[in-house]
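These notes are about the structure you will find just below.
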Amino acid sequence: MQAVQPDTHPRQPAEAHWVASWAVAPVDFRELSANPLLKAAAPRPGGDAFRGQTLRQQFEPALGGDRVRIRFSNRFGKAPLHIAAASVARSTGAGAVSPATLRTLRFGGRGSVVIAPGAEAWSDGVGLKVEAGQAVAVSAFFDRAVPFATVHLQSPDTSWVAGGNAVATPRLNDAAPLPLNHIVTGFDVMTTQPVRTVAAFGDSITAGGGEAGDGSYPELLATRLRNSPSAAQAVSVLNMGIGGNRLLADGIGPNGLSRFARDALGQSGVTHVMVLLGTNDIGRSVFVLPGRPTPEHEVVTAERITDGLQQLVKQARAKGVKVLIGTVPPFRNTPYWTEATEAMRGEVNRWIRSRQDVDGVIDFDAVLRNPADPTTFNPLYDNGDHLHPNKAGHAAMAAAVDLRELQE
């Protein structure tokens with residue numbers, strides 16, 4: 061077993077501050093496992109819990125730094141989460157890490173931590189040099205049973221589990237890949253420089269997936285910002301999308317109104333949010349179970365969606381965070397489309413385009429629609445389901461963002 065290096069990083073100056081370099085919006089495993097269409101949440105032969113095992117999760121930070129901290133979440137847990145040991149290191153791929161970069165994580169000076177149900181915990185800061193786009197791996201050992209609870213779907217094939225305490229092991233032995241990512245939901249870097257931290261808040265069109273793979277528009281926007289010669293300062297872009305998420309009602313993940321404060325405004329050093337929600341609210345309004353009419357107060361209307369978006373704007377303004385709102389892309393030729401839902405989408409988009417109280421409007425509808433029929437997806441950008449963008453579509457979305465609005 062490789063000896064973990066002690067933290068010898070010098071004390072940071074007083075003006076240093078934490079900034080989110082990577083983060084995700086978690087969801088409840090029980091909610092996902094109840095969805096028969098979601099194969100990733102199907103029961104495992106070994107059971108849906110960690111028992112005397114080490115979890116290792118890999119991700120790519122959007123911002124570099126010399127000192128880091130990690131957020132562990134028990135947001136959807138029903139019992140205390142006990143982490144007996146944890147580490148962080150630079151990843152060398154396939155669940156392996158660079159031995160020289162292994163660092164022990166501590167919590168208030170202790171090597172273990174207990175996180176109450178519904179709570180989250182940050183590790184202490186630790187010296188580790190990371191660069192934007194360079195993979196990092198976090199390992200956590202659970203010495204007692206930990207039922208699956210707080211998970212996320214982004215970046216599949218980046219989590220592994222192995223028996224015993226392997227947090228200091230560079231290469232896991234007999235590691236099994238996991239279809240979902242667990243517990244680790246945030247990664248901050250410490251900096252003394254001004255940084256623009258942008259939370260992209262939305263549903264599957266923001267989260268990516270399918271043909272888009274890791275090429276989501278927030279990730280492509282981050283690359284565009286890094287390569288921009290006019291970028292006056294560093295920008296960190298966080299993908300806070302949840303596939304299937306709605307603004308007004310719980311579904312896959314808590315509704316946007318309830319999760320906005322934590323998932324978007326709660327990220328360290330956040331300065332901007334980009335909001336793209338409404339597609340699933342509008343589209344799912346056509347699905348009414350026979351004999352179970354939707355209660356009047358739950359009926360989706362354009363006015364209720366725009367009122368909800370206005371509430372997000374107010375929440376962000378109260379925190380001094382700038383807001384950019386995206387128009388809802390077309391979805392004709394999908395189960396979501398009727399003349400009524402198209403009219404609702406048009407009304408919501410007219411409201412968004414007329415906003416004078418936001419810092420920017422990103423016209424994703426104009427970018428993604430078919431010039432020959434604006435109610436349909438442009439075939440060049442359609443991943444095949446007429447609802448989600450392909451890689452070229454995500455690139456077009458990233459290109460539609462005015463970089464100047466993120467530098468202000």
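FYI, in the numbering used here the residues of the sequence shown are 61 to 468. Heads up, the beta-carbon is just placed ideally off N, CA and C, and yes, glycines get one too.
Residues of the same chain with a CB within less than 6 Å of the CB of A259, apart from the 5 flanking positions on each side, are L298, M300, A324, Q327, V330, V333 in chain order. DSSP, read as helix, strand or coil, puts W82 in strand.
With 16 or more other Cβ atoms inside 10 Å of its own Cβ, Q117 counts as buried.
For L440, the number of other beta carbons within 10 angstroms of its own is below 16, and it is reported as exposed. Within 10 angstroms of the beta-carbon of E180 lie 16 or more other beta-carbons, which makes it buried. Within the model, the alpha-carbon separation for E399 versus S93 is close to 34 Å. Segment contact: the region 132 to 140 against the region 180 to 194, three or more CB-CB distances shorter than 8 Å; contact assigned. Runs of the alpha helix (DSSP H) lying entirely within the region 336 to 417 and spanning at least 4 residues, in chain order: 339 to 343, 362 to 378, 399 to 413. With a cutoff of 8 Å on beta-carbon distance, L428 and I365 are scored as not near each other. A294 and Q253 do touch by the CB rule: their CB atoms are close to 6 Å apart, below 8 Å. A straight line joining the alpha-carbon of G338 with that of D445 spans about 18 Å. Between the beta-carbon of V383 and that of D341 there is about 19 Å, and that puts the pair past the 8 Å contact cut. Taking 8 Å as the cut-off, the Cβ atoms of L162 and V186 do not count as close. The Cβ neighbour count for R392, taken over all protein chains shown within 10 Å, is at least 16; the residue is labelled buried. Taking C-beta atoms as the reference points, S81 and V198 fail to come closer than 8 Å. With a beta-carbon spacing of about 5 Å, A235 and G155 fall inside the 8 Å limit used to define contacts. Secondary structure of I422 (DSSP, three-state): strand. Cβ contact annotation for G246 (same chain, cutoff 6 Å, sequence separation greater than five): A83, R131, in chain order.
Sorting Q371, G343, L369 by C-alpha distance to the C-alpha of V359 places G343 at the top.
F89 sits in a helix when the DSSP states are folded into three classes. If you look at D433, you'll find it in the beta strand (DSSP E) that goes 433 to 437.
The C-beta separation of S264 from G311 comes to about 11 Å, leaving the pair out of contact by the 8 Å criterion. DSSP, read as helix, strand or coil, puts G301 in strand.
DSSP, read as helix, strand or coil, puts P289 in coil. Going by DSSP, R131 is part of the beta strand (DSSP E) stretching over 125 to 133.
The C-beta of T401 has 16 or more other C-beta atoms within 10 Å across all chains shown, which makes the residue buried.
Assignment of beta-bridge partners to R429 by DSSP yields F437.
Distances from the alpha-carbon of A145 to those of S151, R319, A200, V190 put A200 closest.
Take the alpha-carbon of F110 and the one of A122: they are about 29 Å apart.
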